[in-house]
Ligand SMILES: Nc1nc2c(ncn2[C@@H]2O[C@H](COP(=O)(O)OP(=O)(O)OP(=O)(O)O)[C@@H](O)[C@H]2O)c(=O)[nH]1
Ligand SMILES: [Mg+2]
């Protein structure tokens, strides 16, 4: 894995922690047009402070010593109001918790620092999916965004289908490690039939969710060290035509909007004039809304960033310019594109929205994008997959069902189904054997009939031959008798006339022969 080091210094927010409610609990109006089905609430992060039951007021000193061990930020209401009237420093609250003010230092104030330290040691991961037609400026923009040079070979326009190519890089800025994965859609928009160009992208995103789900479902899972490949953001490159979105753009964004955070951007924005650009942006946004495409909206519920995020939501889609070249402006080298008529500076906000994109994507909302991916898109995928497998939270009578109950019911159902199938197969087998037996019996019968018929014919033929033989034997007997008689007559004749009889004898012999 290539390891790159970034020269730019980043300002680190402590763990990205927000005072406001988690994103999945935000009302849809705060999320602009983003109103996919709400994801279930996420459990608190490991190590987060949880309210614990409080020992009785004025109880024996804790083994930890002093009042410090008893001092919790929020305490559950005492059941049945059994607790004495609130002491000084405790204010009853309507949410079922009592607030205590601490009388001294406890130490859990360092919890955010502990989280920051842990996160820094562990490193972060961020996965970007770049969708755009071949040559739309994807690689150049990513290089500009991360101030780096990810060598990504240019692709041809002759690929038979869209292919996704993922490359992971290790980046370091200050002491923060980032595992950055860039996924490129190679050959996007190059096919004659673009009808299902989005399918390989959908499959890829689902495959990453599935891999995470499988890891989660393992008995011995290692999510801590798991390389999360789920896509956190999709930068959708719109060609700077100045007209409107293409069908391919709408179709692709529509099929991805429930799976990934989409940030639409107009690539190579230096090829479109300022007035045309504003009209183009408006047109794109109205087309996205009218087609029900839900793009990512920068969150406005965190007061520290709500103002800037609201403004930036109004600038979407960002019109960006990328460049790998540096040009000398004054006495500074800046990333820019030099033309015969002038210089387009990538980081000049009067020239393009590159800085806005970088600020929103990397500096302000990276953690939110990661959180949204987990709490919204992955949760939706997980829910659908588990429902597909037959798991439900509530049973037919709207009663809650535990996973084990569902599993056992499913197992029983499968067992019955298996038995039914086995019985059916056995029945089919017996039926087939019976059919075969009947066929064989019939064939045997036919052979027997044929055999008997032949035997009969054979008997008849034998009888006929025997009859013929008898006739022939009779004829032979008659002939022998006649011959004997003739001999007798001849001998008698030769005795009476010897000379003439010799001649007669010769004549007779010749006539017999
Ligand atoms: N005018 C203009 N040209 C740009 C811009 N960004 C990139 N280019 C040029 O467009 C061409 C393609 O840029 P790439 O960044 O390789 O585009 P790509 O989308 O990564 O291309 P494939 O990965 O091959 O699909 C190069 O010649 C870039 O110099 C831009 O903002 N404006
Ligand atoms: Mg490229």
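In full-length UniProt numbering, the protein residues as written are 1 to 513. Idealized CB from N, CA, C, for every residue including glycine.
query: Residue 340 - partner residues in DSSP beta bridges; result: DSSP, once it has assigned bridges, lists no residue as partnering residue 340.
query: heavy atom of ligand 2 below 8 Å from residue 183 C-beta; result: no
query: Collapsed DSSP secondary structure at residue 521 in the structure displayed; result: Because the chain here runs from 1 to 513, residue 521 falls outside it and cannot be looked at.
query: Cβ-based burial, residue 357 [other Cβ within 10 Å; buried from 16]; result: buried
query: Exposure of residue 151, with buried meaning 16 or more beta-carbon neighbours within 10 Å; result: exposed
query: Inter-stretch contact (C-beta, 8 Å, three-pair minimum) for the segment 94 to 109 and the segment 278 to 289; result: no
query: Helix, strand or coil at residue 485 [DSSP, three-state]; result: helix
query: Secondary structure of residue 159, DSSP reduced to three states; result: coil
query: Secondary structure of residue 179, DSSP reduced to three states; result: strand
query: Buried or exposed by the 16-neighbour rule on C-beta atoms within 10 Å, applied to residue 270; result: buried
query: Near ligand 1: residue 242 beta-carbon under 8 Å from a heavy atom; result: no
query: Cβ neighbour criterion (16 or more within 10 Å) applied to residue 491; result: exposed
query: heavy atom of ligand 1 below 8 Å from residue 342 C-beta; result: no
query: beta-carbon residue 132 near ligand 1 non-hydrogen atom, thresh 8 Å; result: yes
query: Burial state of residue 186, where buried means 16 or more other Cβ atoms lie within 10 Å; result: buried
query: Whether residue 354 touches residue 322 by CB criterion (9 Å); result: yes
query: Nearest candidate by alpha-carbon position, reference residue 333, set 346, 340, 194 and 339; result: 346
query: Residue 152 Cβ short of 8 Å to ligand 2 heavy atom set; result: yes
query: Bridge partners - residue 193, DSSP secondary structure assignment; result: None, per the DSSP bridge assignment.
query: Residue 209 vs residue 242 beta-carbon contact at 9 Å; result: no
query: Per DSSP, the bridge partner or partners of residue 165; result: 184
query: Residue 217, DSSP secondary structure in three states; result: helix
query: Beta-carbon contacts of residue 318 that lie in its chain and below 6 Å, excluding the five residues immediately before and after; result: 265, 353, 356 and 357
query: The segment 210 to 223 / the segment 181 to 199 touching (three or more Cβ pairs under 8 Å); result: no
query: From 225, 392, 161 and 452, residue whose alpha carbon lies closest to that of residue 194; result: 161
query: Residue 237 beta carbon near ligand 1 (any heavy atom closer than 8 Å); result: yes
query: Residue 372 (DSSP reduced to helix, strand or coil); result: helix
query: First through last residue of the beta strand (DSSP E) which encompasses residue 124; result: 124 to 131
query: Buried versus exposed call for residue 400 [16 or more other C-beta atoms within 10 Å across all chains shown]; result: exposed
query: Residue 495 to residue 475 span [Cα, whole Å]; result: 30 Å
query: Residue 352, DSSP secondary structure in three states; result: coil
query: Identity of the residue in 217, 138, 124 and 129 nearest residue 172 by Cα; result: 124
query: Same chain, Cβ closer than 8 Å to residue 343, five either side skipped, listed in chain order; result: 327, 329, 336 and 337
query: Beta strand (DSSP E) segments (min. 3 residues) lying fully within the segment 392 to 427; result: none
query: Alpha-carbon spacing of residue 224 relative to residue 293, whole angstroms; result: 34 Å
query: Proximity test, residue 155 beta-carbon vs ligand 2 heavy atom, cut-off 8 Å; result: yes
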